[in-house]
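Going down the list, the sequences are from chains A and B. So in this note's numbering, spot 323 of the first sequence is number 323, and the numbers just go up one at a time. Basically this note's numbering = 1-based index in the second sequence + 1000.
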Amino acid sequence: METQYLRPGRGPYCKGCGHPLVLRALGEALDRLGIPPADVAVVTDIGCVGLADGQIAGPHTIHTTHGRSTAFAAGLALADSVLGAGRLKPIVLIGDGGATIGINHLVSGALLNSDVTVLVHNNFLYGMTGGQSSAFSPVDFVTSTAPQGGFLPPLDLARVLLAARAPFVARKLAGDRDLADVLEQAIAHPGFAAVEILELCTAYATRWNPLTGATLREVAEQAGYELGVLRDEPRPTFGASYRERHAADEQPAPPRIAAQAFEHRLVRPHGLVLAGSAGERVRTAATILARAALSCGLHVTQKNDNPVTQGTGFSVSEVILGPEPILYTGIERPDAVLVVSEDGARELAATGVLARADAETLVVADDGIELPPLPREPLRLPLRETAGPKLAALAAVAAWREATEALPEEALRAAVVARLGDDSSRLFAPGRSGKLAAREHPR
Amino acid sequence: MSVAPATTAVELVSGNRLTALGALSAGCRFFAGYPITPSSEIFRTMMEELPRRGGLALSAPDEISALAACVGASLAGYEAMTATSGPGFCLMIETVQYAVMTETPVVIALVQRLGPSTGGATQGAQGDVLLAEFCTSGGTTIPVFAPSGAADCHELTRAAFAWSERLRTPVVLLSDKEVGTTLEDVDTASLPDDPVEPRRPVPAGTERFAPYARTCPGEPPSFAPVGGGARVVATGSAHDTEGRLRKSSPEVVDVLVALQAKIDAHADEMALVEVDTQPGATTLVVSYGSSARASLEACLRVRARGGRVSFLRLRTLFPVPSAAIREALGGCPRVVVVEENLSGLYAGVLEPHLDGRRLVRVNGVGAMITPARIEAAVEAEG
């Protein structure tokens, strides 16, 4: 049969092989649907089924990697549905081997409801490589890797895809007279559609097993496979849902223009390490400091570190401020170390930060934390008690500012307000340069 | 004391974020990702920014699906990107090769972390440099760009897109944890936002489209999108100019050779470096990525002490910018190569380009290489 979709002939397939039957039914289905060939992309997997490309006439063909064909097809379909005209119909031709390797791509395609039709050619074994067992081989099926017959039960792919909420699932025999009808239904279905087609591999399966076209139905029964259209319930496709969900998205904001500018007093880079506990706004305090520095025209780098866990353990931020662009973003010798919790102190000990402190290094620490002997007497403050755990880091930054006067108080105050809101200016006591008055305003 | 200008558009921004914004500015329309530290901010930024710009950002179930979806979208004609780290890149390699073979443009932002295996999720490294480049069977060069800072991420992501589209090839933007996650001040208003030139389309009215035929040597074939009027035949198998699977045909070999020829023909154009040479220098320090910043700092300190040293930062790692390297070498008898991996991976690539000069490697894992170590290597005798 020659159509605008298919070339004539059976292609490179063995006599009695099911693949040409599926191809013929596919051609018929496309012919009836009358989809322009340019809107159809036949995406093939690896194996004998992958040789079908050569039999396709008008549609695009994409021959992919083993098991991954549905993932490539999903990219095509989703991109076309959201970014393009939404006309493209990818049709995946995959074998039972490819479906085993890439089962997650089928599951994912079903969940996404990408507009992809997947035809799983299930001949119960790997054909091109010599008739090895696949996850679809029935019990007692003889293959080159199970010469006495296999003992593992076969995968029920249709049920897997039903569980993955595929809106269209069918299982047919290659010789079914209505195969083209079901393929037509599957392709016309708006969204993910999977048809598993049970067929013969005459190179291996029928040679080693009492299997014929007539007994194929019995194999299905023994495997507990239901036949026919198992589900046909359209649900919103990915493209439709995506467009709807993002219809009201705001346009991207232009770069922020910071109107306020302050002066700084740094003549060389200043490296500061702020150490505390996860969940205690250490990063926030570091970012407020960094933004305050930006508003003074300083160059800034900020690095945040935490254990692999997100909400427990230490949280350490390193901030470098400098009048010139900052090159090396690590801190070889810290100019300031602010320690606001035991977790932070432990991490500083582990990474040797305090060991690198010298007589110039300003250490600001909560007065409840044990510290090793330091070259310079640390500034001890009741940070946690007065500011509370969630503001202790910011209180330490304010104390650092007051001690160094690297930045004006107004710069830090503006950055605090910008990050924490207008009422946060209450955190600063009137007339006290940069010091948080958290005792009066506990948070 | 210095005074800042009255208004400024300087933001505190990470390399990862500017990688995403660089991609968007270049014209990226499709992103599929799977999260992995330290690259996840690229994914998150794309999920936030692409939809509002009319693009498509997809949360994929794994890295294999992510890159395959990107390649699918690119075959349909859309500029596509994914982002990952070493463990995720390992899963993508089969599809990287597929993109090479099918000549499909795609950009992969690879934000390195400590390896091997799961390694250290929140620890930096520069250990994937050869993995990124030599992941292809057959020896085809994959262009690799290595940014050293946030603004550089923006610029080099744009370069990655430009070359990916121009040559129809996968391109790796090889960032690292320090470059990707460190926040720094960048005047974001000054960053370019004009889209890069898209892949050259097949001329309108082409009757018989041969998807892998070349009109001029050293150039990729013209592109037709899947879903367009010209029939596309794409395949990862060895093929002739029509995309037909063929074995042992001279035409197939020609198509394979052309994959490399198109890269070679543009190697000099792709070479991006930052050079800071000094007359009379006896040592050239070569580095890339985050280590290049420590290296430059070390060079400036050596110079401040009266020493003479030249500096070369490679922004293009592959194709190896050999002409720029030769020029930077000048009369230096000694080359110090600085990179954060166990054995000096890129130094081994550089060695044949050094014309027998003495090669000193400064390496390490588990922490950034400090300027002090590099200074010591520069100032050491011999």
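Cβ coordinates follow ideal geometry from the N, Cα and C atoms, glycine included. Keep in mind that this is a model prediction, so the values were computed, not measured.
Cβ of residue i within 7 Å of any chain B Cβ
{"i": "Leu-88(A)", "result": "yes"}
{"i": "Ser-108(A)", "result": "yes"}
{"i": "His-299(A)", "result": "yes"}
{"i": "Pro-154(A)", "result": "no"}
{"i": "Glu-360(A)", "result": "no"}
{"i": "Glu-332(A)", "result": "yes"}
{"i": "Ile-35(A)", "result": "no"}
{"i": "Ile-94(A)", "result": "no"}
{"i": "Asn-113(A)", "result": "no"}
{"i": "Ala-38(A)", "result": "yes"}
{"i": "Asp-249(A)", "result": "yes"}
{"i": "His-63(A)", "result": "yes"}
{"i": "His-246(A)", "result": "yes"}
{"i": "His-60(A)", "result": "yes"}
{"i": "Phe-192(A)", "result": "no"}
{"i": "Gly-271(A)", "result": "no"}
{"i": "Arg-281(A)", "result": "no"}
{"i": "Ala-524(A)", "result": "Here chain A covers residues 1 to 443 and nothing more, so residue 524(A) does not appear."}
Cutoff 7 Å: residue i Cβ touching any chain A Cβ
{"i": "Ser-1065(B)", "result": "yes"}
{"i": "Ala-1204(B)", "result": "no"}
{"i": "Ala-1324(B)", "result": "no"}
{"i": "Ser-1002(B)", "result": "Low local confidence applies: a pLDDT of 46 at Ser-1002(B) is under 50, so the model's placement there is unreliable, with the coordinate-based value given in what follows. Output row for Ser-1002(B): interface = yes."}
{"i": "Ala-1258(B)", "result": "no"}
{"i": "Gly-1227(B)", "result": "yes"}
{"i": "Ala-1006(B)", "result": "Only weak support exists for where Ala-1006(B) lies, its pLDDT of 45 falling under 50; the value from the coordinates is given anyway. Yes, contact with chain A."}
{"i": "Arg-1231(B)", "result": "yes"}
{"i": "Ala-1109(B)", "result": "no"}
{"i": "Phe-1134(B)", "result": "no"}
{"i": "Ala-1294(B)", "result": "yes"}
{"i": "Met-1368(B)", "result": "yes"}
{"i": "Asp-1185(B)", "result": "yes"}
{"i": "Glu-1094(B)", "result": "yes"}
{"i": "Arg-1315(B)", "result": "no"}
{"i": "Leu-1012(B)", "result": "yes"}
For residue i, the residue or residues it bridges with in DSSP
{"i": "Ala-275(A)", "result": "Val-316(A) and Val-339(A)"}
{"i": "Val-92(A)", "result": "Val-43(A) and Val-118(A)"}
{"i": "Ser-108(A)", "result": "Ser-108(A) pairs with nothing; no bridge assigned."}
{"i": "Asn-1363(B)", "result": "Glu-1339(B)"}
{"i": "Ala-365(A)", "result": "Val-339(A) and Arg-380(A)"}
{"i": "His-1239(B)", "result": "Leu-1245(B)"}
{"i": "Thr-18(A)", "result": "For the sequence presented, residue 18(A) should be read as Gly rather than Thr. The partner list for Gly-18(A) (beta bridge, DSSP) is empty, contrary to what the question assumes."}
{"i": "Thr-301(A)", "result": "Ile-320(A) and Glu-1184(B)"}
Assumed close pair residue i, residue j - CB separation to whole angstroms, cut-off 8 Å
{"i": "Asp-366(A)", "j": "Leu-381(A)", "result": "7 Å"}
{"i": "Arg-68(A)", "j": "Ile-1263(B)", "result": "Contact doesn't hold; Cβ gap of about 25 Å is too wide."}
{"i": "Val-219(A)", "j": "Leu-211(A)", "result": "7 Å"}
{"i": "Asn-123(A)", "j": "Glu-199(A)", "result": "5 Å"}
{"i": "Pro-323(A)", "j": "Leu-266(A)", "result": "6 Å"}
{"i": "Ala-25(A)", "j": "Ala-180(A)", "result": "4 Å"}
{"i": "Ala-399(A)", "j": "Thr-386(A)", "result": "Contact doesn't hold; Cβ gap of about 11 Å is too wide."}
DSSP-derived helix/strand/coil call for residue i
{"i": "Asn-1341(B)", "result": "coil"}
{"i": "Met-1270(B)", "result": "helix"}
{"i": "Asn-122(A)", "result": "strand"}
{"i": "Ser-1014(B)", "result": "strand"}
{"i": "Ser-1074(B)", "result": "helix"}
{"i": "Gln-1112(B)", "result": "strand"}
{"i": "Asp-232(A)", "result": "strand"}
{"i": "Gly-444(A)", "result": "The shown model of chain A, from 1 to 443, leaves out residue 444(A), and the question about it has no answer."}
{"i": "Thr-1283(B)", "result": "strand"}
{"i": "Val-1096(B)", "result": "helix"}
{"i": "Asp-1176(B)", "result": "strand"}
{"i": "Gln-55(A)", "result": "helix"}
{"i": "Lys-390(A)", "result": "coil"}
Beta-carbon neighbours of residue i, restricted to chain D and to distances below 7 Å
{"i": "Pro-1051(B)", "result": "Of the chains in the structure shown, none is chain D; the protein chains are A and B."}
- Message: At a CB distance below 8 Å, what residues from the region 157–174 of chain A approach chain B? Give them in sequence order.
- Response: Here the close residues number zero.
- Task: Pull out every residue of the region 1066–1084 of chain B whose Cβ sits closer than 9 Å to any Cβ of chain A, in chain order.
- Result: Ala-1066, Leu-1067, Ala-1068, Ala-1069, Cys-1070, Val-1071, Gly-1072, Ala-1073, Ser-1074, Leu-1075, Ala-1076, Gly-1077, Tyr-1078 and Ala-1080
- Query: Name the residues in the region 201–229 of chain A whose C-beta lies less than 7 Å from a C-beta of chain B; which are they?
  - Reply: Answer in chain order: no residues at all.
- Against chain A: residues of the region 1319–1346 of chain B by CB proximity under 9 Å: none
- Members of the region 63–78 of chain A that neighbour chain B once the beta carbon cut-off is set at 7 Å: Under the 7 Å Cβ criterion, the region 63–78 of chain A contributes His-63, Thr-64, Thr-65, Arg-68, Ala-71, Phe-72, Ala-73, Ala-74, Gly-75, Leu-76 and Leu-78.
- Query: the region 173–189 of chain A: which residues have C-beta closer than 9 Å to a C-beta of chain B, in chain order?
  - Reply: none
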